[in-house]
Every structure is written in structure tokens, then in C-alpha cells.
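Engineer: Handing you a structure now.
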């Protein structure tokens, strides 16, 4: 093999995508030392996304003083890639769950810091901003981020305020006139890997707020607030976002990005593949390795494996999927460009046991796949040699 591309998702709860790439690359080099190996750790928008992009395409990490989820000063970061033309922001850097520790309260937390990161990136002259949603501790519908770029929220008394999840119901009107001019002309893309609507049983509050510290009463209050926000957005901005898949992501930050930043919502894998110019990278590749923790019906809904396989199919490049485990109902995946699937777990063990062996098991599986490939290559070479021998 002359060229291999590695583009795995993380194995949730066991290995990051960067770690999976590291193991895969080491094994490929062990058996094919002259092979060009391109590693593309996949970012899903959550914690670690900036580092994934920087590893995949290079760039610079920028550190900035912003507000944390409780409006306190903190140092956050984002990435500059593509020779400074594109910024990559993960909202978890300043609005993530680990930042609130034992203070979880999605009725009071804010995305204000995310807006500050967007403003800093814009001030550096970027042409495109990628915002990753995931791992948030907020439920403010992106209002905090909007306030940070000059958008005004007015209550019934005519006073301006910065809404949080618990005060969304107080918004009477939204004034876009003060939005920072510097944002004009900048393309903003939001990475979003879920399809939840803004509110309701499958919305931001009911599905995600409990893990952010909300009890049943708070969940209902937050949901009513998001509903109210959607109605004000419809009234003042003429945008009906309530039922658009993904608008409920990260405490309805998906809706906020669309409403206040004119952003598009895009599956994380598509953002990554576009950014690294995947189609041109694989045109001369001999093999692609991808994978994830568990291959199941969800894998057929546009996640990493499917995104990679569809593009590889167009380029006629074989795709090997290495997964922690695989359900019985995944046969359809072979119709979309996947060549073969290998699972790394060797024994029927509980996840709590097998997770501690994930590195060992991935090494073992990659070793066996590559041993087979070497043997097949030798067989093909020997057969060709015999054909060329003079009679």
C-alpha cells in the first residue's frame, strides 16, 4: 500500500479519535513502513474539537479572556486554520459542563463567552467561523452569545437585559440593529450532530437539561422559555425555527446560531471532511480506515462512518470499519460504500470491563487486519511472478 487515510470517530467512553488515529497509524507503519498515512481525527463539535482540527490540518490555538457560564472572567481558546482564514470554536471551551462543576444550573448559565470568541475571531479578519455545539451547560437559546455581538433583548418594561435559560420568558422584543458590523460577510457554520427540535418532549430542555442539573420543574420552565423565544424570533426576525432538526442542540444554541448569526447547521463529519478537503485527499488512496465505538442503526443516520463511506464510494476507495461493537441490523451499511466491518472486542464482557482493554483490543484487531493485507499482497506478487517466468 502506498497511501492510507485514517478518519475514525472517537470510541465514546474509551478512546478519543486522536488516540484511535495514533494506534491505527502505528500499526499501518509497522507493516507498510513506506506507506503515506494521513490521520484525520474527527471532531463532533464538543470538547476536543479544536485540537482535532489543529491536528488534522495544522494551525494556531488562540487564547482569549472571556466570560464563563456564570459571567465570571476566564481564559478560553479557539483555533485558527487555513492560514488564518477560518476560525474553529467549540462552545464547550467557555460554556461547557466541566466549567460549572458542582454549580450546574441551566436556568442561570450563559453562552455569552461564545459570542466573545466569535467577535475575537472576526476581529482577526477570518472569512469563515466554524462553531461546534456539544457538551454545554446552558439552555439560553444562544441569547448570551447574541448579546455579546451587540444584539439587544428588551423586556416588557423596555429595559435591555441578557437572557439566560430561566429568563427567556421575559423577552418582549429582539433588536438586531446593534449587531456588530464586523460580522458582515463572514460565513458561519455550526457543527451539530443531533436532530432535536427547539422545544417539546424531544426538545432542548426535556432531553438534555436534566444532565445539566435541571429537575422536573426546571425542565418545564426551561421548555416554556425556549417556546417563548421561538415565538419572539418568529415575530421579530420572521424566522420559524421550532421544528428544524438540530435547533434544540446545546440548549437550543442551534436555533440561536441560525436566528442571530445566519448560520447553517451541518453534520460534524461533513464539516470536517470539507475542511480537510477529503475528496481530493482520497483520490489516490489505497484504503480508508474509519470506525466508532458502536456500529448501530444510528450509524446509518449521517454520522462519521456513513459520511466517510459515501464519499469514498464516489472515489471507488475501499473502506474498512473498525468498531468497538456492531449490532445485527447494520447490513444496509454495505450499500453505502463500506467494504468490511471488524469489531475489536474479543470476549463477551460488560462494557465496564472491556473499556479498560480498548487500546489492547484495537491494537490486536489492526494487527490482524494488516497481517491479512500483507499476506494477500505477497500471494498476489507470487502469482504474478509465476506468470512472468519463462516457459
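Residue numbers (this note's numbering): 1067 to 1457.
Just so you know, even glycine gets a beta-carbon here, dropped at the ideal spot from N, CA and C.
1. State the DSSP-derived secondary structure class of residue 1296, mapped to helix, strand or coil.
2. Which complete beta strand (DSSP E) runs does the region 1077 to 1148 hold, if anything under 3 residues is left out?
3. Would you identify the three-state DSSP class for residue 1289, choosing helix, strand or coil?
4. In terms of alpha-carbon separation, which member of 1234, 1233 and 1396 lies closest to residue 1362?
5. What is the rounded straight-line gap between the Cα of residue 1233 and the Cα of residue 1296?
6. If you draw a straight line from the alpha carbon of residue 1087 to that of residue 1241, how long is it in whole angstroms?
7. Using the Cα positions of residue 1422 and residue 1079, report the straight-line distance between them to the nearest angstrom.
8. Report the option in 1342, 1304 and 1430 whose CA atom is closest to the CA atom of residue 1324.
9. Can you tell me whether residue 1019 is buried or exposed? The criterion is at least 16 other CB atoms within 10 Å of its CB, across all chains shown.
10. By DSSP, does residue 1184 sit in helix, in strand, or in coil?
11. Between 1112, 1188 and 1119, which lies nearest to residue 1162 when the distance is taken from Cα to Cα?
12. State the Cα-Cα distance for the pair residue 1312 and residue 1408, rounded to the nearest angstrom.
13. Please give the ranges of any beta strand (DSSP E) in the region 1322 to 1402, keeping only runs that are unbroken, at least 3 residues long and fully inside the region.
14. Under the three-state reduction of DSSP, which class applies to residue 1301: helix, strand or coil?
15. Taking the C-alpha atoms as reference points, what is the distance between residue 1122 and residue 1187?
16. Using a threshold of 8 Å, state whether the C-beta atoms of residue 1244 and residue 1220 are closer than that.
17. With burial defined as no fewer than 16 other Cβ atoms inside 10 Å of the residue's Cβ, what is the status of residue 1349: buried or exposed?
18. Taking only runs of the beta strand (DSSP E) that begin and end inside the region 1149 to 1234, which ones reach a length of at least 3 residues, in chain order?
19. Inspect the beta-carbon positions of residue 1210 and residue 1178 and report whether they are closer than 8 Å.
20. Between residue 1093 and residue 1432, is the Cβ-Cβ spacing less than 8 Å?
21. Are the Cβ atoms of residue 1284 and residue 1275 separated by less than 8 Å?
22. Quick one: is residue 1128 near chain D, going by C-beta distance under 8 Å?
23. Would residue 1090 and residue 1355 qualify as a contact pair, given that the criterion is a beta-carbon distance under 8 Å?
24. Check residue 1405 in the structure and name its three-state DSSP category.
25. Could you check whether the region 1096 to 1111 touches the region 1132 to 1139, counting it as contact only if at least three pairs of C-beta atoms, one from each stretch, sit closer than 8 Å?
26. With a CB to CB cut of under 6 Å and the five nearest residues on each side skipped, what residues in its chain are close to residue 1230?
27. Identify the continuous beta strand (DSSP E) that holds residue 1070 and give its terminal residues.
28. Using only CA atoms, which one of 1294, 1289, 1222 and 1193 lies nearest to residue 1148?
29. Taking the C-alpha atoms as reference points, what is the distance between residue 1214 and residue 1185?
30. Go ahead and pull the three-state DSSP assignment for residue 1313.
31. In whole angstroms, what is the alpha-carbon distance linking residue 1273 and residue 1427?
32. Which two residues bound the contiguous alpha helix (DSSP H) that contains residue 1270?
33. Mind checking which residues open and close the beta strand (DSSP E) that includes residue 1241?
34. When the Cα atoms are used, what is the spatial distance from residue 1257 to residue 1226?
35. Expressed to the nearest angstrom, what Euclidean distance is found between the alpha-carbon atoms of residue 1321 and residue 1145?
Structural biologist: Taking the definition as stated:
1. In the structure shown, the three-state DSSP call for residue 1296 is helix.
2. Runs of the beta strand (DSSP E) inside the region 1077 to 1148: 1102 to 1105, 1126 to 1133 and 1139 to 1147.
3. Three-state result, residue 1289: helix.
4. When each option's Cα is compared against that of residue 1362, the closest is 1396.
5. Each residue's alpha carbon lies about 14 Å from the other.
6. Cα-Cα distance, rounded: 46 Å.
7. Spanning the two alpha carbons is a distance of roughly 10 Å.
8. When 1342, 1304 and 1430 are compared, the shortest CA-CA separation from residue 1324 is found for 1304.
9. In the structure as shown, the chain starts at 1067 and stops at 1457, and residue 1019 therefore has no counterpart that could be examined.
10. In the structure shown, residue 1184 sits in a helix (DSSP, three-state: H, G or I).
11. For residue 1162, the nearest C-alpha among the options comes from 1112.
12. Rounded to the nearest angstrom, the two C-alpha atoms are 31 Å apart.
13. The qualifying runs are 1330 to 1332, 1353 to 1361 and 1385 to 1392.
14. Residue 1301 sits in a helix when the DSSP states are folded into three classes.
15. Cα atoms of residue 1122 and residue 1187: separation of roughly 20 Å, rounded to the nearest angstrom.
16. Contact flag unset, no.
17. Residue 1349 comes out exposed.
18. As far as the region 1149 to 1234 is concerned, its whole beta strand (DSSP E) runs of at least 3 residues are 1152 to 1156, 1194 to 1198 and 1218 to 1220.
19. Against a cut-off of 8 Å, the Cβ pair of residue 1178 and residue 1210 comes out as a contact.
20. Pairing residue 1093 with residue 1432 gives a Cβ-Cβ distance under 8 Å.
21. Yes; because the gap between Cβ atoms is below 8 Å, this pair is in contact.
22. Considering every chain present, this structure includes no chain D. It has just one protein chain.
23. Yes, Cβ-Cβ distance for residue 1090 and residue 1355 is below 8 Å.
24. Coil, per DSSP.
25. The answer is no - the region 1132 to 1139 does not touch the region 1096 to 1111, with fewer than three Cβ pairs under 8 Å.
26. If we look at residue 1230 and ignore the five residues flanking it on each side, its Cβ neighbours are 1174, 1176 and 1206.
27. Element bounds for residue 1070: 1069 to 1072.
28. Comparing Cα-Cα distances from residue 1148 to each of 1294, 1289, 1222 and 1193, the minimum goes to 1193.
29. A direct Cα-to-Cα measurement between residue 1214 and residue 1185 gives close to 8 Å.
30. If DSSP states are grouped into helix, strand and coil, residue 1313 belongs with coil.
31. Looking at the backbone, the Cα of residue 1273 and that of residue 1427 are separated by about 33 Å.
32. Taken as a continuous stretch (DSSP letters only), the alpha helix (DSSP H) holding residue 1270 covers 1270 to 1274.
33. Element bounds for residue 1241: 1239 to 1241.
34. If you take the alpha carbons of residue 1257 and residue 1226, they lie about 30 Å apart.
35. About 23 Å.
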